[in-house]
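First the structure, in the form of structure tokens, and then the observations on it.
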Amino acid sequence: MTGSTPTSPAAARRRRGLTPEAAATAIEQACRDLRLPTVRTRFEDMLTVAHKEQLTYEGFLADLLLAECDDRARRRSIRRVKAAGFPRQKWLADFDFDANPATINSLASCVWVRKGEPLCLIGDSGTGKSHLLIGLGTAAAEAGFRVRYTLATKLVNELVEAADEKLLAKTIARYGRVDLLCIDELGYMELDKRGAELLFQVLTEREEKNSVAIGTDSYRLAQTRAAAQAAS
1 MTGSTPTSPA
11 AARRRRGLTP
21 EAAATAIEQA
31 CRDLRLPTVR
41 TRFEDMLTVA
51 HKEQLTYEGF
61 LADLLLAECD
71 DRARRRSIRR
81 VKAAGFPRQK
91 WLADFDFDAN
101 PATINSLASC
111 VWVRKGEPLC
121 LIGDSGTGKS
131 HLLIGLGTAA
141 AEAGFRVRYT
151 LATKLVNELV
161 EAADEKLLAK
171 TIARYGRVDL
181 LCIDELGYME
191 LDKRGAELLF
201 QVLTEREEKN
211 SVAIGTDSYR
221 LAQTRAAAQA
231 AS
């Protein structure tokens with residue numbers, strides 16, 4: 001007598017076809033199990049559109065999966081911007097491009113971040129350095145890069161605490177892993193020798209590997225450069 005594989009009741013029902021209500025319930029549960037929130041919430045609306053536009057099964061499935069992919073990319077972008085630690089929202093679209101539109105548009109492309117090149121924004125107080133620094137950092141995060149924003153004084157204080165707690169190497173490595181490190185207000189407070197040495201270690205860790213963007217003014221930059229040179 002030849003044996004046969006028993007058919008489960010669920011498999012038998014699938015072969016016979018499900019009612020629309022049962023199919024909707026099955027789709028919702030499957031989407032929860034597979035973690036497809038966009039498919040789960042948009043399936044019915046997109047199915048209505050597919051019927052109206054007479055899409056093929058393949059076309060409907062492609063639209064549905066692409067919607068899930070787009071939403072996942074959007075959520076990842078939001079998480080990257082949030083993880084960057086910007087103190088407030090600033091967008092390049094709100095910045096005055098009239099002064100040098102070609103340069104700003106070039107920076108907005110994030111090619112320099114991809115190449116690991118440094119950027120220094122120098123200007124007097126109130127000229128928009130922080131706006132531009134945050135805007136460029138946000139654009140980089142939205143483009144898929146890992147970004148971290150910090151004030152120079154906050155970074156130095158964190159490094160001093162890490163050194164005191166024997167966690168300096170771990171902290172420097174953490175800052176070294178991001179694709180773009182934005183350091184704002186560099187030189188607004190004078191660094192002592194130890195602070196300059198620790199900051200120099202962070203910059204050295206990133207040199208020729210990952211980008212650093214700095215916001216400062218020419219006078220304070222000269223002071224900080226002198227302190228860093230003395231530390232090295």
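One point on numbering: in the UniProt record's numbering, the residue at position 99 of the sequence shown is 99, and numbering is uninterrupted.
Glycine included, C-beta positions come from ideal geometry on N, C-alpha and C.
Nearest to residue i (by Cα), restricted to the options the options
| i | options | result |
| --- | --- | --- |
| LEU132 | TRP91, ARG194, THR38 | TRP91 |
| ASP124 | GLY215, CYS31, ALA23 | GLY215 |
| LEU66 | GLU117, MET46, ARG114, GLY85 | MET46 |
| THR204 | ALA173, ASP164, PHE97, ARG72 | ALA173 |
| PHE145 | VAL212, ARG80, LEU64, TYR57 | ARG80 |
| LEU61 | ALA50, ARG88, ASP71 | ALA50 |
| VAL156 | LEU199, LEU121, GLY128 | LEU199 |
| ASP96 | LEU180, ALA22, GLU190, THR127 | THR127 |
| TYR188 | LYS170, LYS166, ILE122, GLY137 | ILE122 |
| PRO37 | THR25, LEU55, ASP71, GLU53 | ASP71 |
| ARG74 | LYS129, GLU142, ARG88, ARG177 | GLU142 |
| GLY195 | ASN100, ILE78, ASP164 | ASP164 |
| ARG206 | GLN89, GLN54, GLU28, LEU119 | LEU119 |
As assigned by DSSP and simplified to three states, the class of residue i
| i | result |
| --- | --- |
| THR19 | coil |
| GLY116 | coil |
| LEU167 | coil |
| THR38 | helix |
| GLY215 | strand |
| ARG148 | strand |
| LEU132 | helix |
| LEU121 | strand |
| CYS69 | helix |
| THR138 | helix |
| THR153 | helix |
| ALA173 | helix |
| THR30 | The question names Thr, but residue 30 in the sequence shown is Ala. In the structure shown, ALA30 sits in a helix (DSSP, three-state: H, G or I). |
| ALA143 | coil |
| THR127 | coil |
Short CB-CB distance (under 8 Å) between residue i and chain C
| i | result |
| --- | --- |
| THR138 | The structure shown contains no chain C; it is built from a single protein chain. |
CB contact flag (residue i, residue j, <8 Å)
| i | j | result |
| --- | --- | --- |
| LEU186 | ALA140 | no |
| ALA84 | TYR175 | no |
| VAL147 | ILE183 | no |
| GLY116 | GLU58 | no |
| LEU18 | PHE43 | no |
| GLU68 | VAL39 | yes |
| LEU136 | ALA108 | yes |
| VAL202 | LEU159 | yes |
| PHE86 | THR171 | no |
| VAL113 | ASP217 | no |
Any non-hydrogen atom of the ligand ZN within 7 Å of residue i CB
| i | result |
| --- | --- |
| ILE104 | Because no ligand of any kind appears in the structure shown, any question about the ligand ZN cannot be addressed here. |
Legend entry - In chain order, each alpha helix (DSSP H) run of at least 4 residues that lies wholly inside the stretch 176-209: For the stretch 176-209, the full-length alpha helix (DSSP H) segments reaching 4 residues or more read 193-206 along the chain.
Legend entry - Every unbroken beta strand (DSSP E) within the stretch 38-112, with a cutoff of 3 residues, ordered by chain: Secondary structure remark: continuous beta strand (DSSP E) runs of at least 3 residues inside the stretch 38-112: none found.
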